[in-house]
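J.: First, the structure itself, so that you have it in front of you.
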Amino acid sequence: MKCDLVVVGGGPGGSMAARAAASAGLDVVMLEKRQEIGDPVRCAEGVSKRSLHKMVQPEPEWISSEVKGARLYAPDGNSIVMSEDRSGGEVGYVLERKVFDRGLAMLAAQAGARVMVKTRALGLLKKEGAICGVSAMRIGEPLQIEAPLVIGADGVESKVGRWAGIDTTLKLDDIESCAQFLVQDASIDDEYTEFFLGNSIAPSGYAWSFPKGDKLANIGLGIQGSRSKPGEAVRLLRQLMKSHFPNGRVVEMVVGGDPCSGPIDSAIADGVMLVGDAARQTDPLTGGGILNAMKAGVIAGEVAAKAISAGDYTRKGLQEYEAHWREDIGKTLARSFQLKEFFVKLTDKDINQLIGSMAKEDISKMDLGGMLRILFRLNPKLLWSLKSLII
Amino acid sequence: MLTVNRYKCCYCGACVGVCPTCALELVETWLEVSTECKECGLCAKICPVGALEVRA
Chain A
5 MKCDLVVVGG
15 GPGGSMAARA
25 AASAGLDVVM
35 LEKRQEIGDP
45 VRCAEGVSKR
55 SLHKMVQPEP
65 EWISSEVKGA
75 RLYAPDGNSI
85 VMSEDRSGGE
95 VGYVLERKVF
105 DRGLAMLAAQ
115 AGARVMVKTR
125 ALGLLKKEGA
135 ICGVSAMRIG
145 EPLQIEAPLV
155 IGADGVESKV
165 GRWAGIDTTL
175 KLDDIESCAQ
185 FLVQDASIDD
195 EYTEFFLGNS
205 IAPSGYAWSF
215 PKGDKLANIG
225 LGIQGSRSKP
235 GEAVRLLRQL
245 MKSHFPNGRV
255 VEMVVGGDPC
265 SGPIDSAIAD
275 GVMLVGDAAR
285 QTDPLTGGGI
295 LNAMKAGVIA
305 GEVAAKAISA
315 GDYTRKGLQE
325 YEAHWREDIG
335 KTLARSFQLK
345 EFFVKLTDKD
355 INQLIGSMAK
365 EDISKMDLGG
375 MLRILFRLNP
385 KLLWSLKSLI
395 I
Chain B
20 MLTVNRYKCC
30 YCGACVGVCP
40 TCALELVETW
50 LEVSTECKEC
60 GLCAKICPVG
70 ALEVRA
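Residue numbers (our numbering), protein chains in the order written: chain A, 5 to 395; chain B, 20 to 75.
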C-alpha cells in the first residue's frame, strides 16, 4: 500500500493533521491502534471555547457543558473565582471526548483521508537510511504502508519520535500521574470548574472538578511523577472523594499520564513530524493539550503538503513546521514550564498566602496572566524569581 | 522481573511514556513487556493504579 503521508494516531492532533493534509490534496492514511477512536478517554475534557471555535465548528454533541468560570481552592479552604473564557484558556467547554475525537476523525475522512482502526504502527520503514513508510499490524495481519512522510501523533506513549531518533522519553519530573472519576453528586457546581490545590491533595499537581452538566463531573487529580508511588494517584483520588464529595457516585474511571516537560528540542527528523502529546506540546502548568495538539496538527498537515509538492522530506524541508509551532505555542509552553517548575515547589503555607492575598482583589474578569501580575504585586518576595516571566 | 497485574491495569500508557528502554508497548488493553526491560521500576512508580511491580 502506498500514500503520501501516514499519520500515526487518531486523536485530535492526528485527525487535524490528516484533515489538513488531505484537504491540501495529499493521499493520507491515518492509523489508530484502538478499535474505537476516542475510547477509553484519558482526559479531563476542558477546552477554551474561543480557541476551539477558531479551529473547527463544533457539533453540539461534542460538548457536554459550558462553564462560566473557574474557582481555585487553597489548602486552607479559601477560594477565589476567575472569570469565564479567560481563565488560562483552559476553561469554557467540557467536551465529550468519545464523541469529539470521532467527530474530528470523521472530518479527516470527509476530507479524503483513509482511516484505519485496530491498526498499530510497529516501526518505520527505511530505504538507504531514509524513511519510506510505516510497518504496521492491521487486525493481527502485517501491513506495509509506503510513504515519504510520517506524522507521529501517537500520544503520551509515542514511539514514532524514538524510532526516528528523537528522544521523547519523559523523566518522572516531567509527567503527571493522573486519575479521574466521572461522578454524580448533588454537590457538584454545574457552572464552574474547580481546582483544589495542596500537597496533601495532589502533591506538585492539582485536583479538579470539570462539570459535565446535570450534577455530573470529571473529578480527578494529577501528581508529579517524581512524587508518585505505585497506585498513589488513585489512592489520593479516593481520599479526595471522601473529603470533598462524600456522597458522590462513581460511574466511570479514567487514568493517564500527562506530559509536562515543556517544548522538546526538536519535533522533526528526516521524514517525520511529531504532533500533540507525542511532541510533548501539552501545557506544563495546566496539563491542557487538546487545542495545542489540534493547532500543531493543522500546521504539520499543511507543511506536509508543501513538502510533498517540493519533494523535500528532509529535516530541512520540514523546518517550517518546527518554526511555526514554536512561534504559535512554543513560547507559552516554555513559560508555563518555568511557572510549573516554580509552583510544584510551593508549600501549603505558600499557596494559602498566595490565594489569601487575593481575597480583596477583583480578579473575576482576569485571565491567568492578569492574575499572576496581581499575585506578584501582592507577594513580591515569594514570587521574586518569577519576575521576568510575569512582568 | 516486571509483572503486570492485568486485573488492575487500566491501559493508560503512562508507563510507556517513561520507559527509558522502550520496553513497553500498549496494545489496546494489553501491556506488552519486551526483553529490553531493565527492571528500573520507573513505570511502577508512575502507574496511577499500581498495576506494575518489579519482583526479584
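Note that CB positions come from ideal geometry on N, CA and C, so glycine has one too.
A:Y210 by DSSP, collapsed to three states: which one?
T.: A:Y210: strand per DSSP, three-state reduction.
J.: Taking DSSP as the reference, what is the three-state secondary structure of A:F104?
T.: helix
J.: Would you mind stating whether A:A78 and A:I355 have Cβ atoms separated by less than 9 angstroms?
T.: Yes; because the gap between Cβ atoms is below 9 angstroms, this pair is in contact.
J.: Between A:G252, A:V10, A:R101, which lies nearest to A:D43 when the distance is taken from Cα to Cα?
T.: A:R101
J.: Tell whether a beta-carbon distance below 9 angstroms holds between B:C38 and B:C62.
T.: yes
J.: For B:T22, does the three-state DSSP call read helix, strand or coil?
T.: Reduced to three states, the DSSP call for B:T22 is strand.
J.: Check the Cβ-Cβ distances between A:C264 and every residue of chain B, and say whether any is below 9 angstroms.
T.: no
J.: Judging by CA-CA distance, which residue of A:E180, A:M375, A:A21, A:A28 is the nearest neighbour of A:A297?
T.: A:A21
J.: Let me make sure I understand the geometry here. Which of A:L56, A:I155, A:C47, A:G260 has the alpha-carbon closest to that of A:C7?
T.: Looking only at A:L56, A:I155, A:C47, A:G260, the smallest Cα-Cα distance to A:C7 is reached by A:I155.
J.: Let me check understanding here. Comparing Cα to Cα, which of A:D262, A:L76, A:Y97, A:S83 lies closest to A:E63?
T.: A:Y97
J.: Determine contact between the segment 330 to 341 of chain A and the segment 297 to 312 of chain A, defined as no fewer than three beta-carbon pairs at a distance below 8 angstroms.
T.: A contact exists between the segment 330 to 341 of chain A and the segment 297 to 312 of chain A.
J.: Under 8 angstroms: do the segment 235 to 250 of chain A and the segment 182 to 190 of chain A share three or more Cβ pairs, one atom per stretch?
T.: yes
J.: Where does A:F199 sit, in a helix, a strand or coil, going by DSSP?
T.: strand
J.: By Cβ distance below 6 angstroms, which residues in the same chain neighbour A:F200 in space, the five residues on each side in sequence not counted?
T.: Short of 6 angstroms from the beta carbon of A:F200, and not among the five residues preceding or following it, lie these beta carbons of its own chain, in chain order: Y77, A211.
J.: Would you tell me roughly how many angstroms separate the C-alpha atoms of A:D189 and A:G275, rounded to the nearest one?
T.: 49 angstroms
J.: Where does A:G92 land, buried or exposed, given buried means 16+ other C-beta within 10 angstroms?
T.: Note on A:G92: pLDDT 47, under 50, position unreliable in the model; the coordinate value appears next. By the neighbour-count rule (16 or more Cβ atoms within 10 Å), A:G92 is buried.
J.: Just checking: is the beta-carbon of A:V238 within a distance shorter than 9 angstroms of some beta-carbon in chain B?
T.: yes
J.: First and last residue of the alpha helix (DSSP H) that includes A:W329?
T.: 323 to 329
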